[in-house]
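Student: Residue numbers (my numbering), protein chains in the order written: chain B, 1 to 282; chain G, 1001 to 1157; chain R, 2001 to 2419.
In this text, a Cβ means the ideal position worked out from N, Cα and C, and glycines have one as well.
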Amino acid sequence: MNAPSLETPNPWLLAPYSVQERKAETADTATIVLAPPTGHPPLRFEPGQFNMLYLFGVGEIPVSICGDPTDPEHVVHTIRSAGRISAALGGVTTGATVGVRGPYGTGWPIEEATGKDVVIVAGGLGLPPLRPVLLEMLRRRDRYGRIEIIYGAKSPRDLVYYDQIQAWRARSDLRFQTTVDTAGPDWYGDVGVVTTRLPDSRFEPKNTIALICGPEIMMKLAAQALVQRGVDRNAIWVSLERNMKCAIGLCGHCQFGSDFVCRDGPVVRYGTVERAFAFREL
Amino acid sequence: MTADSASPDVPLHLARHPFFRGMDPDFVARLGAIAYERSFEPGAFLVREGDPAEEFWILFSGKVAIEIVLPGRPRTTVQTLGSGDIVGWSWLIEPFISRFDARAVKATRALGIRAASLRSLLNDDPTDGYHLLLRLLPVIAERLENTQLQLLDLHGA
Amino acid sequence: MTRRGVTRNLDIVIAGASLERVPEFLTDERKSGRTPGMTEPAVGEKRILARADFPIFLGALRDLGYRVVGPTVRDGAIVYGPITRVEDLPIGWTERQDAGAYRLDRRSDGALFGYVVGPHSWKKYLFPAHERLWTASREGSRFAMAPEPVDGPSFAFLGVRACELASIAIQDRVFARAGDPGYAARRTRTLRIAVQCGQAGGTCFCASMGTGPAVGPSHDLALTEILTPQRHSFLVEVGSVAGARVLATVPLWPATAEDERAVERIVARTAASMGRRMDVSGIRDLLVNNPGHPRWELVGQRCLACTNCTMVCPTCFCQTTEEVPNLSGEKVERWRRWDSCFNSAFSELHGSPIRKSTSSRYRQWMTHKLATWHDQFDSSGCVGCGRCITWCPVGIDITEEVAAIRVAPATPRAAGDRT
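In structure tokens form, the structure reads like this:
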């Protein structure tokens, strides 16, 4: 008989992590650092994966892991206040308890990127889920060719990780372009949607892996532009976002075509979702 | 703004610019003959909203901000342009008045072409005019699309 | 339980079931004058259970600690509920089903299982509509979380149809992959007593889906009701050791070749009377390649997004969770409940639904059920039970929708509502 097994651990339970640090990134976005409870194994994750975060009496939401994959004792999440639960999670104070279960989902293709140029396109809060992969690639910088990063935000005051970006921009072994949709006269950087920065990016299209994270329309347009440049559809990776309640491929909310985004995604090859991107309300 | 004397490199520069690459060499040569080089210091205007659109600018280096100025609000940059881009098409559209400010935010090198000369060149040979429009239209369409995307507030979610 | 190897006198057996009324007619078995066996049969063996001994069968289930649930007439429909005596079963009842129509009707005989399927499915026991997952209590600035205990009654599902066995197998795969502890515990404790359909309903199409009407191998016991003016008995096939155990204390006759032929005739008759059919050849690609088909718009105009189809579907597993604090806020419970892809909040992202239109929700449901389910779980998500057709208040018929798309499949690109 193929009756389900009783041996698996209870996937619904959350471990009580404590908030070690909270840093405001922008007016509505904060980064929190969580430490596992005593005796709890460190949370090892692949860049691109997410956790379910829970606040007692408030609720649970999926949030990408944004920290350093080599430092699993510090679980880092950057949270934008977009609803009741995310507002409460982003507003936690040091010492508070946040329930954590995870990590879930697929990660960025770090192995497949070996020996290749890497183009990273991040829109808005798409940068945090890409931060672990960038940290990992910089840690083993010699394994990759050129690294080109384009980060777009709505306006200069919506940019996250400001200090870290300055450090990245100062490096000579990667190129970090920042662009905003609109800016005032005090902004000396680029203005325009992220795709306007692609023509300036230097990479060998046939030997490139592209990682894109941001709003769906932005991912679609960036992927299209990369395909036009000659990058293979399946060398382009995107991170999908859908409603999620369970993160274990059961609640059905995150379905996108044949994928459960929580399980088969969030990181998928653009070639596998290109057609689905073309249809509304899928 | 500093005006340089016509340099023998100008036609060559023009032919190599992405905007003109692959166009009829004779036509590009005719344009090269009437183009001139200009440098703009940061803060200098290439185009001012409301002024007659008398020049077509082809950028080689630096950075130019397309700006909108609304009363009571700080000037807002809606796009930055740089090497490989062109600035302005109001010179082609009656009544030939510029619709935006274009201001250098970094030291910028550009080639300019007098709008009046350019228009008469295009009128003389509508085939050339058609080919130039074929180059200009995708740029206009792309900027329109980008503007729409900015309106969509892609990052608002 | 050990094999008893005891043969008891028939009269003693009947006396042992004295609370039950002995039917007026005698079965062939009774008239034969032969005595029934009381040995525990082996898995794969077949026996005859007399209708008159059905109370003993129910008693045997109870004696083994099973809580028997099965079909019963309530509120004008045959639904699943507790079965404590034979009279709880829908004796002599049947139903007439069509798109958007369900009526109980009297049969001319005393069949115990003379209906097809009602609005309930067994998922209400294995995957309850409302279920607590854990309880958490505040402890200073922290919280302590306790999982919901997974103990509970062992159910004996009496009257599982072939399509329903298939649907349980499908949900097994869905819940097993997710490692859901509550489902696994309930499912492991459950005994599945199948009863083959003696007729097909007006909205049935299990034959098209390959799930019926013949009951497949995965069951604990499979019964076929043999009912003629001369005879009322059940051919019982043993599907598992747990099923065999139940029969150890039930009087059974050997099954003859003629009995097996009778069962084959019943199944063939049922197969021939399917109210609906669906051409499933290449259906995965057909639907995946037609998200822009104009038919979705048409069905979207009829669909009320009432969620009935997903509630009655025996394989639909979509669910949501909710946080339920007590009044003091010191204690919180996490509950899950059935959700439906027809609800607007189902696909909500950043405050607005991804699937705004009803047509997009219908497309999601049907494409998932018949097409992308194959990619996810290596089978169709539809077993052909017909419930979604019967219980749709506007009579939307999934077989008709598939046929309409099949008749005029759009070229994948041309009809797409490309953005």
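Which residue comes first and which comes last in the beta strand (DSSP E) that contains Phe2234 of chain R?
Tutor: That run of the beta strand (DSSP E) goes 2231-2238.
Student: So is Ala183 of chain B in contact with chain G if we call contact Cβ pairs under 9 Å?
Tutor: True, the Cβ-Cβ gap to chain G drops below 9 Å.
Student: So with CB distances below 8 Å, who are the chain B contacts of Met2145 of chain R?
Tutor: Those are Leu13, Leu14, Pro16, Gly99, listed as they occur along chain B.
Student: Note down the Cα distance separating Asp264 of chain B from Pro205 of chain B, rounded to an integer number of angstroms.
Tutor: Roughly 26 Å separates the two Cα atoms.
Student: Name the chain R residues whose beta carbon is nearer than 9 Å to that of Arg131 of chain B?
Tutor: Residues of chain R passing the Cβ test: none, with the nearest at roughly 21 Å.
Student: Is it buried or exposed, Leu1151 of chain G, if we count other Cβ atoms within 10 angstroms and call 16 or more buried?
Tutor: Exposed, because fewer than 16 other Cβ atoms sit within 10 Å of the Cβ of Leu1151 of chain G.
Student: What residues in the region 49-62 of chain B have a beta carbon less than 8 Å from any beta carbon of chain R?
Tutor: For the region 49-62 of chain B, which is checked against every Cβ of chain R, the residues closer than 8 Å are Phe56, Gly57, Val58, Gly59, Glu60.
Student: How about Ile248 of chain B and Ala2178 of chain R: are their beta carbons less than 9 Å apart?
Tutor: Contact: yes.
Student: Check for me: the alpha helix (DSSP H) holding Lys2356 of chain R runs from which residue to which?
Tutor: That residue, Lys2356 of chain R, is in no alpha helix (DSSP H); it is neither H nor E in DSSP.
Student: For a cutoff of 9 Å on Cβ pairs, would you count Lys245 of chain B as touching chain R?
Tutor: Yes, contact with chain R.
Student: Can you tell me which of R:Thr2307, R:Val2312, R:Met2145, R:Ala2169 puts its alpha carbon nearest to the alpha carbon of His2219 of chain R?
Tutor: Of R:Thr2307, R:Val2312, R:Met2145, R:Ala2169, the residue nearest in Cα terms is R:Ala2169.
Student: Which residues in the same chain have their Cβ closer than 7 Å to the Cβ of His1013 of chain G, if we skip the five residues on either side of it in sequence?
Tutor: The answer, listed in chain order, is Phe1060, Leu1111.
Student: Could you tell me whether any Cβ in chain B is nearer than 9 Å to the Cβ of Arg1075 of chain G?
Tutor: Yes - at least one Cβ of chain B is within 9 Å of the one on Arg1075 of chain G.
Student: What are the uninterrupted segments assigned as alpha helix (DSSP H) that are 4 or more residues long and contained completely in the region 2106-2158 of chain R, given in chain order?
Tutor: Qualifying alpha helix (DSSP H) stretches, in chain order: 2123-2126.
Student: Among residues of its own chain, excluding the 5 on either side of Phe203 of chain B, which ones have a beta-carbon nearer than 7 Å to its beta-carbon?
Tutor: So the qualifying residues of the chain are Asp117, Val119, Arg146, Glu148.
Student: In chain G, which residues lie with their C-beta within 7 Å of the C-beta of Tyr188 of chain B?
Tutor: Residues of chain G passing the Cβ test: Val1105.
Student: Thinking just about the alpha-carbon of each residue, which of B:Asp200, B:Gly59, B:Arg242 is nearest to the one in Phe176 of chain B?
Tutor: Residue B:Asp200 is the option with its Cα nearest to Phe176 of chain B.
Student: What is the DSSP secondary structure of Gly2092 of chain R, counted as helix, strand or coil?
Tutor: Coil at Gly2092 of chain R, not helix or strand.
Student: Assuming Cys2197 of chain R and Cys2385 of chain R form a contact by the criterion Cβ under 8 Å, report the distance between their Cβ atoms to the nearest whole angstrom.
Tutor: Contact doesn't hold; Cβ gap of about 10 Å is too wide.
Student: Take Arg84 of chain B and list the residues in its own chain whose beta-carbon comes closer than 8 Å to its own, dropping the five residues that flank it on each side.
Tutor: Here the set comprises Val58, Gly59.
Student: In the structure shown, what three-state DSSP assignment does Phe2054 of chain R receive?
Tutor: Three-state result, Phe2054 of chain R: helix.
Student: Counting Cβ pairs closer than 8 Å, one from the region 2354-2373 of chain R and one from the region 2301-2315 of chain R, do we hit at least three?
Tutor: Contact holds: three or more Cβ-Cβ distances are below 8 Å.
Student: Using a C-beta cutoff of 9 Å, does Ile1066 of chain G count as contacting chain D?
Tutor: You won't find chain D in this structure, because its protein chains are B, G and R.
Student: From Glu2260 of chain R to Ala2214 of chain R, what distance separates their C-alpha atoms?
Tutor: If I take the Cα positions, the gap works out to 13 Å.
Student: Please report whether the beta-carbon of Gln255 of chain B lies at a distance below 9 Å from any beta-carbon of chain R.
Tutor: Cβ-Cβ to chain R under 9 Å: yes for Gln255 of chain B.
Student: By alpha-carbon positions, which one of B:Leu55, B:Gly91, B:Val238 ends up nearest to Pro47 of chain B?
Tutor: Selected option, being the one with the closest Cα: B:Val238.
Student: Excluding the five sequence neighbours on either side, which residues of its own chain have a C-beta within less than 8 Å of the C-beta of Ile991 of chain G, listed in chain order?
Tutor: There is simply no residue 991 of chain G to check, as chain G begins at 1001 and stops at 1157 in what is shown.
Student: I need the boundaries of the beta strand (DSSP E) containing Trp1057 of chain G, first residue and last residue.
Tutor: That run of the beta strand (DSSP E) goes 1055-1061.
Student: At what residues does the beta strand (DSSP E) containing Trp2335 of chain R begin and finish?
Tutor: That run of the beta strand (DSSP E) goes 2331-2338.
Student: Does any residue of chain R have a CB that is nearer than 9 Å to the CB of Ala82 of chain B?
Tutor: Yes, contact with chain R.
Student: Which residues in the same chain as Leu2286 of chain R place their Cβ atom closer than 7 Å to its Cβ, once the five residues preceding and following it in sequence are excluded?
Tutor: Ile2405, Arg2406, Pro2409.
Student: Comparing C-alpha positions only, which one of R:Val2267, R:Ala2099, R:Gly2292 sits nearest to Cys1996 of chain R?
Tutor: Residue 1996 of chain R cannot be examined here, being either before or after the span of chain R that is shown, 2001 to 2419.
Student: Output the residue ranges of the alpha helix (DSSP H) runs that lie fully inside the region 2167-2250 of chain R and measure 4 residues or longer, sorted by chain position.
Tutor: Counting only runs of 4 or more, we get 2181-2189, 2206-2209, 2241-2247.
Student: Give the residues of chain B in contact with Thr2356 of chain R, contact being defined as C-beta atoms less than 7 Å apart.
Tutor: The sequence shown places Lys at residue 2356 of chain R, rather than the Thr named in the question. Glu281, listed in chain order.
Student: Taking the Cβ atom as the reference point for each residue, do Thr70 of chain B and Glu136 of chain B lie within a distance shorter than 9 Å?
Tutor: Contact: yes.
Student: Enumerated in chain order, which unbroken segments of the alpha helix (DSSP H) with a length of 4 residues or greater are wholly contained in the region 145-227 of chain B?
Tutor: Listed in chain order, the complete alpha helix (DSSP H) runs (minimum 4 residues) inside the region 145-227 of chain B are 162-170.
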